[in-house]
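K.L.:
Got a structure for you, written out below as structure tokens; questions coming shortly.
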Amino acid sequence: MKSKLRLIITVPVLLSAGLGTGCNRRIATRPSAQEQTPTKGEAQPVFYVAPGSKGITTATVRPEPIPSYLDLPAQIQAEPTRVVHVFLPAGGRITEMKVSPGDRVVKGQVLAILDSGDLARAVADYHKALIDNQVKQEALTRATFLFAHSAIARKDLQQAQGDAQTAQAEVQAARAEIQAMGVNPDDAGNQLRVVAPRSGVILDVGAAQGEFSNGLSAPQPLCTIASLSTVWAVGDLLESDASFVKVGDPAGLVLVAYPGKTWSGRVSLISSAVDPTTRTLHVRVVLRNEDDMLRPGMYGTLKVLRSTHLGFVVPSTAVVREGNSDYVYVEQSPGHFRPETVAVGEPVGTDNIEILSGLQSGETIVTQGAVLLRPATP
Numbered sequence: 000m001k002s003k004l005r006l007i008i009t010v011p012v013l014l015s016a017g018l019g020t021g022c023n024r025r026i027a028t029r030p031s032a033q034e035q036t037p038t039k040g041e042a043q044p045v046f047y048v049a050p051g052s053k054g055i056t057t058a059t060v061r062p063e064p065i066p067s068y069l070d071l072p073a074q075i076q077a078e079p080t081r082v083v084h085v086f087l088p089a090g091g092r093i094t095e096m097k098v099s100p101g102d103r104v105v106k107g108q109v110l111a112i113l114d115s116g117d118l119a120r121a122v123a124d125y126h127k128a129l130i131d132n133q134v135k136q137e138a139l140t141r142a143t144f145l146f147a148h149s150a151i152a153r154k155d156l157q158q159a160q161g162d163a164q165t166a167q168a169e170v171q172a173a174r175a176e177i178q179a180m181g182v183n184p185d186d187a188g189n190q191l192r193v194v195a196p197r198s199g200v201i202l203d204v205g206a207a208q209g210e211f212s213n214g215l216s217a218p219q220p221l222c223t224i225a226s227l228s229t230v231w232a233v234g235d236l237l238e239s240d241a242s243f244v245k246v247g248d249p250a251g252l253v254l255v256a257y258p259g260k261t262w263s264g265r266v267s268l269i270s271s272a273v274d275p276t277t278r279t280l281h282v283r284v285v286l287r288n289e290d291d292m293l294r295p296g297m298y299g300t301l302k303v304l305r306s307t308h309l310g311f312v313v314p315s316t317a318v319v320r321e322g323n324s325d326y327v328y329v330e331q332s333p334g335h336f337r338p339e340t341v342a343v344g345e346p347v348g349t350d351n352i353e354i355l356s357g358l359q360s361g362e363t364i365v366t367q368g369a370v371l372l373r374p375a376t377p
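At position 200 of the sequence shown (counting the first as 1) the number is 199 in numbering that gives the first Met the number 0, and the numbers step up by one without a gap.
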């Protein structure tokens with residue numbers, strides 16, 4: 000008995016269907032039937048399913064929406080508001096460097112330890128201010144007592160009051176200077192521990208153990224910390240394509256590093272000015288990075304939906320290449336098929352391809368196993 004498996008396939012065309020990488024057409028080759036392909040006006044040869052053949056599947060073709068995408072070269076960037084450049088708050092020599100690029104840190108974790116002359120001087124100034132303040136407060140107490148007994152003039156009392164207030168302000172200023180270095184003024188020496196101001200990943204390190212740093216005036220930070228829970232994919236949009244993209248459009252990112260994987264998002268920003276060098280607009284898509292696979296500096300392609308049109312989409316395995324022509328086997332009668340010349344378009348996803356001409360809606364075609372067809376006896 001001749002066997003045939005008929006399957007009506009509806010190929011959903013979602014955003015992710017057009018975003019795969021490596022969209023090479025996988026086209027089968029039918030064994031030695033090329034000479035049976037007729038010229039115009041000749042009868043089409045007929046092929047049948049050999050008895051006992053397995054693995055042949057069919058589908059009914061219907062027009063469906065097919066997306067068209069703009070491919071924008073893109074790069075992953077960390078969100079600027081989530082990036083912290085950590086500078087040493089004081090000058091000194093780095094005695095311990097506790098992190099390196101790629102390390103994960105939590106807020107408050109020690110990044111480096113510094114022997115700081117600046118901290119030592121600030122601590123000395125603080126202690127001096129404390130002593131001076133104590134002296135001035137005692138002087139004010141005496142002046143208040145003497146003035147109450149008419150032993151000194153009012154101006155002498157006012158002078159003592161002013162000196163006490165100045166001394167107290169100097170204590171507060173000296174204390175604030177030490178606190179700005181991240182050190183407790185009441186438990187400070189000359190060793191400065193630099194801690195992470197936020198949790199994240201160390202992107203780079205700009206100093207080494209044993210190196211002397213000028214603190215805030217150093218040419219580069221001690222290290223850079225970034226939170227990468229969300230990142231930006233920034234693509235370059237040609238000026239001529241600007242009318243096809245708007246904020247809110249769906250977009251997908253494919254990366255060289257991860258073939259076949261797509262990250263989906265929406266256009267959140269289109270730059271308001273054209274880059275004078277590249278004549279492109281920057282298109283930003285914010286992406287969640289829950290799997291931590293997206294790293295700043297990675298290159299890829301942003302695929303932004305441009306338009307949709309109706310057309311026929313068939314599995315790539317349905318198309319048979321013979322010489323310079325492409326064919327699809329169309330059912331002529333149950334179990335019998337004829338080769339129909341078709342014009343193929345662009346791949347749709349990784350497994351399908353658009354047929355531009357040669358098929359009609361409602362026709363049943365062989366989607367897999369065309370190599371198992373055998374010429375029918377006239």
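All C-beta atoms, glycine included, are put in the ideal place defined by N, C-alpha and C. All values reported here derive from a predicted model rather than from experimental measurement.
Assign Y326 to buried or exposed, taking buried as 16 or more other Cβ atoms, counted over all protein chains shown, within 10 Å of its Cβ.
P.N.:
Buried, because 16 or more other Cβ atoms sit within 10 Å of the Cβ of Y326.
K.L.:
With H, G and I counted as helix, E and B as strand and the rest as coil, what does DSSP make of L372?
P.N.:
Looking at L372 - three-state DSSP - the assignment turns out to be strand.
K.L.:
Taking only runs of the alpha helix (DSSP H) that begin and end inside the region 46-92, which ones reach a length of at least 4 residues, in chain order?
P.N.:
Runs of the alpha helix (DSSP H) inside the region 46-92: none found.
K.L.:
First and last residue of the beta strand (DSSP E) that includes E330?
P.N.:
S324 to S332 is the extent of the beta strand (DSSP E) around E330.
K.L.:
What are the residues that DSSP puts in a beta bridge with V313?
P.N.:
According to DSSP, which records beta bridges pairwise, V313 is partnered with I352.
K.L.:
Could you spell out the range, first to last residue, of the beta strand (DSSP E) harbouring H281?
P.N.:
It spans T279 to R287 - the beta strand (DSSP E) in which H281 sits, taken as one unbroken run.
K.L.:
Note the first and the last residue of the continuous alpha helix (DSSP H) segment covering D274.
P.N.:
Careful: D274 lies outside any alpha helix (DSSP H) and carries neither H nor E.
K.L.:
F336 and V312: beta carbons closer than 8 Å?
P.N.:
It is not a contact, given that the beta carbons lie outside the stated cut-off.
K.L.:
So if DSSP puts H308 in a beta bridge, which residue, or which two residues, is it bridged to?
P.N.:
BP columns for H308 point to I65.
K.L.:
Taking 8 Å as the threshold (C-beta atoms), are D235 and L304 in contact?
P.N.:
Not a contact, by the Cβ cut-off of 8 Å.
K.L.:
Sort out for me which residues DSSP pairs D290 with in a bridge.
P.N.:
None; D290 has no bridge partner.
K.L.:
Start and end of the alpha helix (DSSP H) containing L227?
P.N.:
Premise fails: L227 is in no alpha helix (DSSP H) and is neither H nor E.
K.L.:
Taking C-beta to C-beta, are I151 and A163 nearer than 8 Å?
P.N.:
Against a cut-off of 8 Å, the Cβ pair of A163 and I151 comes out as no contact.
K.L.:
Please report the straight-line C-alpha distance between L69 and T277, rounded to a whole angstrom.
P.N.:
Approximately 17 Å, taken between the alpha carbons.
K.L.:
Around the C-beta of E176, are 16 or more other C-beta atoms found within 10 angstroms, so that it is buried, or is it exposed?
P.N.:
Looking at its Cβ environment, which holds 16 or more other Cβ atoms inside 10 Å, E176 is buried.
K.L.:
Inspect the CB distances between the region 165-181 and the region 127-146 and report whether three or more fall short of 8 Å.
P.N.:
A contact exists between the region 165-181 and the region 127-146.
K.L.:
Straight-line CA distance for K302 to Q367?
P.N.:
Distance between the alpha carbons of K302 and Q367 is about 29 Å.
K.L.:
Can you find the residues in the same chain that come closer than 6 Å, C-beta to C-beta, to A119, ignoring five residues on each side of it along the sequence?
P.N.:
Here the set comprises N189.
K.L.:
Identify whether G205 lies in helix, strand or coil by the three-state DSSP scheme.
P.N.:
G205 falls in the coil class under three-state DSSP.
K.L.:
Start and end of the beta strand (DSSP E) containing L215?
P.N.:
Per DSSP, L215 belongs to no beta strand (DSSP E) and is neither H nor E.
K.L.:
Spatial neighbours of G344 within its chain, please: C-beta separation below 6 Å, excluding the five flanking residues on both sides.
P.N.:
Closer than 6 Å at the Cβ level, and outside the excluded window around G344, lie E353 and L355.
K.L.:
DSSP on Q367, reduced to helix/strand/coil?
P.N.:
In this structure, Q367 counts as strand in the three-state DSSP scheme.
K.L.:
Hey, could you find the ends of the alpha helix (DSSP H) H126 is sitting in?
P.N.:
Note, H126: alpha helix (DSSP H), G116 to A147.
K.L.:
I'd like to know whether the C-beta atoms of A73 and M96 end up nearer to each other than 8 Å.
P.N.:
No. Outside cutoff.
K.L.:
Could you tell me the alpha carbon to alpha carbon distance between V347 and W231, rounded to whole angstroms?
P.N.:
Whole-angstrom Cα-Cα distance: 26 Å.
K.L.:
Using the Cβ count rule (16 or more neighbours within 10 Å means buried), how would you classify S315?
P.N.:
Per the 10 Å Cβ criterion, buried.
K.L.:
So the alpha helix (DSSP H) G161 belongs to, where does it begin and stop?
P.N.:
Looking at the DSSP string, the run of the alpha helix (DSSP H) that includes G161 is R153 to A179.
K.L.:
Do the region 207-221 and the region 87-95 meet, that is, are 3 or more Cβ pairs less than 8 Å apart?
P.N.:
Touching, yes, given that three or more Cβ pairs across the two stretches are closer than 8 Å.
K.L.:
CB-CB under 7 Å to R103, same chain, minus the five flanking residues each way: which ones, in chain order?
P.N.:
V200.
K.L.:
Go to K260, then tell me how far its beta strand (DSSP E) extends in each direction, as first and last residue.
P.N.:
K260 -> beta strand (DSSP E) spans Y257 to I269.
K.L.:
Is A111 helix, strand or coil when you go by DSSP?
P.N.:
The answer is strand: DSSP assigns A111 an E or B state.
K.L.:
Could you tell me the alpha carbon to alpha carbon distance between W262 and V329, rounded to whole angstroms?
P.N.:
About 37 Å.
K.L.:
Could you say which of G310, V122 and Q359 lies nearest to S67 if we only look at CA atoms?
P.N.:
Here the closest residue by C-alpha is G310.
K.L.:
Can you tell me whether A172 is buried or exposed, with buried defined as 16 or more other CB within 10 angstroms of its CB?
P.N.:
By the 10 Å Cβ count, A172 comes out exposed.
K.L.:
Locate the beta strand (DSSP E) running through A250, then write down its first and last residues.
P.N.:
Note, A250: beta strand (DSSP E), P249 to L254.
K.L.:
Only counting the same chain, and skipping five residues up and downstream in sequence, which positions put a Cβ closer than 7 Å to that of A179?
P.N.:
Cβ within range, chain order: P88.
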